[in-house]
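Taking it in order: structure first as structure tokens, then the write-up.
2 protein chains.
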Amino acid sequence: MDKRTRKRLESAGWKVGGTSEFLGLTDEEAAIVELKVGLANAVREQRSRRSMTQEQLGQLLGSSQSRVAKIEAADRSVSIDLMVRSLLRMGLSRKDVASYIAAPGRKRAA
Amino acid sequence: MDKRTRKRLESAGWKVGGTSEFLGLTDEEAAIVELKVGLANAVREQRSRRSMTQEQLGQLLGSSQSRVAKIEAADRSVSIDLMVRSLLRMGLSRKDVASYIAAPGRKRAA
DNA sequence: CCAGCGTATGTCACATCTGACATGAAGGCA
DNA sequence: TGCCTTCATGTCAGATGTGACATACGCTGG
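Chains Y and G, in that order, are what the protein sequence lines are. Numbering (the numbering used here) for the first sequence: 1167 to 1276. Numbering (the numbering used here) for the second sequence: 1167 to 1276.
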């Protein structure tokens, strides 16, 4: 998890320690946070890859710039559903989404 | 997609054709349905593997028998979040969940 | 210095999801 | 046949997620 990501998460209210659990964060909660971070990074990366602004992506998703920002920040108020729908709308396949979910944190090939 | 699954989906209000799209179902919607069916099957399979009743699983999830039934039926009223949380609560890893999402429909090894 | 662009954050009315309950249907068994 | 277990489906009040808006922050070019 890079510094920037961690900062975003913490300020969003998540309690993050190491890459996994810490005080008051069960294994399951930790797994969900990690999973969401993976998807959040995926969205940011895919958008970036298309040279789109958050505003443009928001439009593509039928949503707003602010919500895209929250998605990419893995904000508490964002569901996995929304993240997945975003990726699919950007043309990714179910398998692509799965690979992002399985991914540890950063880095990715295709 | 087996017959039983298709029946459950259709009665749940989804419009399903082939394994993918049909009338009035965009590619994205189709992908979401398939993804949810994969997770629904995963929950049913994992529960079955543990010889638990829906009632017992409901308790483990802090929920009810009826909601478990809806989860396994990939009901409209069930979010991907809930399905994922269920699988994690049953002890699966992020990677396990990912593999179920990537899976076409039925069959699985481990 | 200060516009302007892209992004981040807080808030809120409205939409969707969720647990719980009631009830029904299918199968097993005495 | 009646009873019991397990799963399916409808409903609803309360919880959570969502789009939109306002506003703030950092950066870059003028």
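Glycine is no exception: its CB is placed at the ideal position from the N, C-alpha and C atoms.
For G/V1234, which residues from the same chain have a beta carbon less than 6 Å from its beta carbon, with the 5 sequence-adjacent residues on both sides left out? Indexing the second sequence from 1 puts residue 1234 of chain G at position 68. Closer than 6 Å at the Cβ level, and outside the excluded window around G/V1234, lie Q1220, L1223 and G1224.
Return the CA-CA distance between Y/S1214 and Y/R1260, expressed in angstroms with no decimal places. As a first step, residue 1214 of chain Y is located in the first sequence; it is residue number 48 there, counting from the start. As a first step, residue 1260 of chain Y is located in the first sequence; it is residue number 94 there, counting from the start. Between the C-alpha atoms of Y/S1214 and Y/R1260 there is a straight-line separation of about 20 Å.
Compare the C-beta of Y/D1241 with all C-beta atoms of chain G and state if any pair is closer than 8 Å. Here residue 1241 of chain Y refers to the residue found at position 75 when the first sequence is read from its first residue. Not closer than 8 Å to any Cβ of chain G, the Cβ of Y/D1241 fails to qualify, so no.
Nearest chain Y C-beta to G/K1236 closer than 8 Å, yes or no? Numbered from its first residue, the second sequence carries residue 1236 of chain G at position 70. Chain Y contact via Cβ: absent.
At 9 Å on the CB atoms, spell out the chain Y contacts of G/V1209, in chain order. Indexing the second sequence from 1 puts residue 1209 of chain G at position 43. Within chain Y, no residue comes near G/V1209; the closest Cβ sits about 15 Å away, beyond 9 Å.
Sorted by chain position, which residues of the same chain lie with C-beta nearer than 6 Å to Y/E1238's C-beta, five sequence neighbours on each side aside? Stepping through the first sequence from its first residue, residue 1238 of chain Y is reached at position 72. So the list reads A1206, V1209 and R1210, once near-sequence residues are dropped.
Inspect the beta-carbon positions of Y/S1245 and G/D1247 and report whether they are closer than 8 Å. As a first step, residue 1245 of chain Y must be located in the first sequence, where it is residue number 79. As a first step, residue 1247 of chain G must be located in the second sequence, where it is residue number 81. A Cβ-Cβ contact shorter than 8 Å links Y/S1245 with G/D1247.
Terminal residues of the alpha helix (DSSP H) in which G/D1241 lies: As a working note, residue 1241 of chain G is residue 75 in the second sequence. G/D1241 -> no alpha helix (DSSP H), and no H or E assigned at all.
Could you tell me the distance, in whole angstroms, from the CA atom of Y/S1252 to the CA atom of G/S1217? One-based indexing of the first sequence puts residue 1252 of chain Y at position 86. One-based indexing of the second sequence puts residue 1217 of chain G at position 51. Rounded to the nearest whole angstrom, the CA to CA distance from Y/S1252 to G/S1217 is 36 Å.
Where G/L1201 sits in the DSSP three-state scheme: Looking up residue 1201 of chain G in the second sequence gives position 35. Helix, per DSSP.
Could you give the DSSP three-state label for Y/F1188: helix, strand or coil? Numbered from its first residue, the first sequence carries residue 1188 of chain Y at position 22. Reliability of the predicted coordinates at Y/F1188 is poor, the pLDDT of 46 falling under 50, and the value obtained from them is presented with this limitation in mind. Y/F1188: coil per DSSP, three-state reduction.
G/D1257 (DSSP reduced to helix, strand or coil): The count along the second sequence starts at 1 and reaches residue 1257 of chain G at position 91. Correcting the residue identity first, residue 1257 of chain G is Gly in this sequence and not Asp. Reduced to three states, the DSSP call for G/G1257 is coil.
Classification of G/S1243 by the beta-carbon crowding that lies within 10 angstroms, buried from 16 upward: Within the second sequence, numbered from 1, the residue matching residue 1243 of chain G stands at position 77. Note on G/S1243: under 16 other CB atoms within 10 angstroms of its CB, so exposed under the neighbour-count rule.
Considering G/G1228, what are the terminal residues of the alpha helix (DSSP H) in which it resides? In the second sequence, the residue the question calls residue 1228 of chain G occupies position 62. Taken as a continuous stretch (DSSP letters only), G/G1228 belongs to no alpha helix (DSSP H), as it is neither H nor E.
Using the rule of at least 16 other Cβ atoms within 10 Å of the residue's Cβ for burial, across every protein chain shown, is Y/G1228 buried or exposed? Indexing the first sequence from 1 puts residue 1228 of chain Y at position 62. By the neighbour-count rule (16 or more Cβ atoms within 10 Å), Y/G1228 is not buried but exposed.
Helix or strand or just coil, what does DSSP make of Y/M1218? Counted from its first residue, the first sequence places residue 1218 of chain Y at position 52. Coil.
Euclidean distance between Cα positions of Y/E1195 and Y/L1226: Position 29 of the first sequence, counted from the start, is the residue given in the question as residue 1195 of chain Y. Position 60 of the first sequence, counted from the start, is the residue given in the question as residue 1226 of chain Y. Approximately 30 Å between the Cα atoms of the pair.
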